[in-house]
Structure formats: C-alpha cells, structure tokens
Amino acid sequence: MLMSSTASSFFSSKPLPLHRIPTLSRPQLISTQHANIFTSSSKAWASKTPIKASSSENQTVTVAPSVESASDVVRSFYEGINGHDLDSVEELIAENCVYEDLIFPRPFVGRKAILEFFNKFIDTVSKDLQFVIDDISNEDSFAVGVTWHLGMFQKRNSLFV
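Be aware that the sequence shown starts at 1, since it is given in UniProt numbering, and climbs by one per residue.
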C-alpha cells in the first residue's frame, strides 16, 4: 500500500509535505569578555508552533516541537561547562563557530578549537568555580546575549560571588 504523509501547522489547514520541513540549524556561540552572543542562521530552531502529522490511512497525531529557545541553549551551554561535561556542550557549538574573548589575543575558530580551549579550562579549574549568568536577553529569535561572572562555591551549596 502506498502511503503519503503530510505535516501542517496546528493553526493552518494547508499541509506541507514532510520532505520539505527544513532541518534545524544549531546556534553559534560568539563571546566577548563576560558577554556572549549566540546566533542562528535560521529562526526555525526557536519556533514552537505545534504541527499535525497525518498519513493516508487517516491517522492524525499532533506534535509540539521539542526545540529549545535561544536562552535555553545558552543555559545548557553554561550548565555543561559548569559540570565539566564537554559532551553535552559539543552539540551546541556550530562547526564554524567563532569564540572571542578579549582576554585572549585571537579568537578560537571552529568547534574543535573551542572544545580544546574549554577542555584545558575545565582541566585547570575546580568544579567549585562556576559561570553565573547575570542577564540573558531572549527577545530576538535569531540571537541571544548573556552577561556572566565567575563565582566560587566555598561551602556546600553556598556560592561566593
């Protein structure tokens, strides 16, 4: 039996062929001293529009995308670095990402260089030294800015900043 599948916006009656749904791009990380900006070339990763999927056998399923917001991606990035978990951070960094910090003479270019930098960083600091997010802007679906500082946990669950 030949089956055809479609997906459509939950709020629209016009179906879209499944093969035309765009793949999501990962955000890029650009950093300056104590402020980082994550950007994406596609706003699809910030979309939260529920969709309906159906087949020719009339089975319909409503699916809400599990895509994170830009600020969620930034929080996940720092959570991974704070936990010394580079595996969780790797998928958040685009292959052609540029990480700039004014402390260093040159930016780190590419996922590999950025991961090498953070690997050295987490190998030389205690887990007690944590990135603390001061502010996150999340009003733009293409970019998010974050300001942070480093804080030190001195006692169990007590952060000295």
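Glycine included, C-beta positions come from ideal geometry on N, C-alpha and C.
Three-state secondary structure (DSSP) of Leu115: Position 115 of the sequence shown, counted from the first residue, corresponds to residue 115. In the structure shown, Leu115 sits in a helix (DSSP, three-state: H, G or I).
Tell me, which residues are paired with Leu102 by DSSP? Looking up residue 102 in the sequence shown gives position 102. According to DSSP, Leu102 bridges with nothing at all.
Measure the alpha-carbon distance for Glu95 versus Lys112 and round it to whole angstroms. As a working note, residue 95 is residue 95 in the sequence shown. As a working note, residue 112 is residue 112 in the sequence shown. In a straight line, the C-alpha of Glu95 is about 8 Å away from that of Lys112.
Contacts around Lys127, its chain only, beta-carbon distance under 7 Å, and the 5 residues preceding and following it disregarded: Here residue 127 refers to the residue found at position 127 when the sequence shown is read from its first residue. His84.
Start and end of the alpha helix (DSSP H) containing Gly80? Taking the first residue of the sequence shown as position 1, residue 80 is located at position 80. Note, Gly80: alpha helix (DSSP H), Ala70 to Asn82.
Give the C-beta separation of Gln130 and Leu150 to the nearest angstrom, bearing in mind that I take them to be a contact with Cβ-Cβ under 8 Å. Here residue 130 is taken as the residue at index 130 of the sequence shown, counted from 1. Here residue 150 is taken as the residue at index 150 of the sequence shown, counted from 1. Yes, Gln130 and Leu150 are in contact; Cβ-Cβ is about 7 Å, under 8 Å.
Put Val89 into one of helix, strand or coil per three-state DSSP. As a first step, residue 89 must be located in the sequence shown, where it is residue number 89. In the structure shown, Val89 sits in a helix (DSSP, three-state: H, G or I).
On a Cα-Cα basis, can you pick out the residue from Ile93, Tyr78 and Phe108 that is closest to Trp148? Numbered from 1 along the sequence shown, position 148 holds the residue referred to as residue 148. It is Tyr78 whose Cα lies nearest to the Cα of Trp148.
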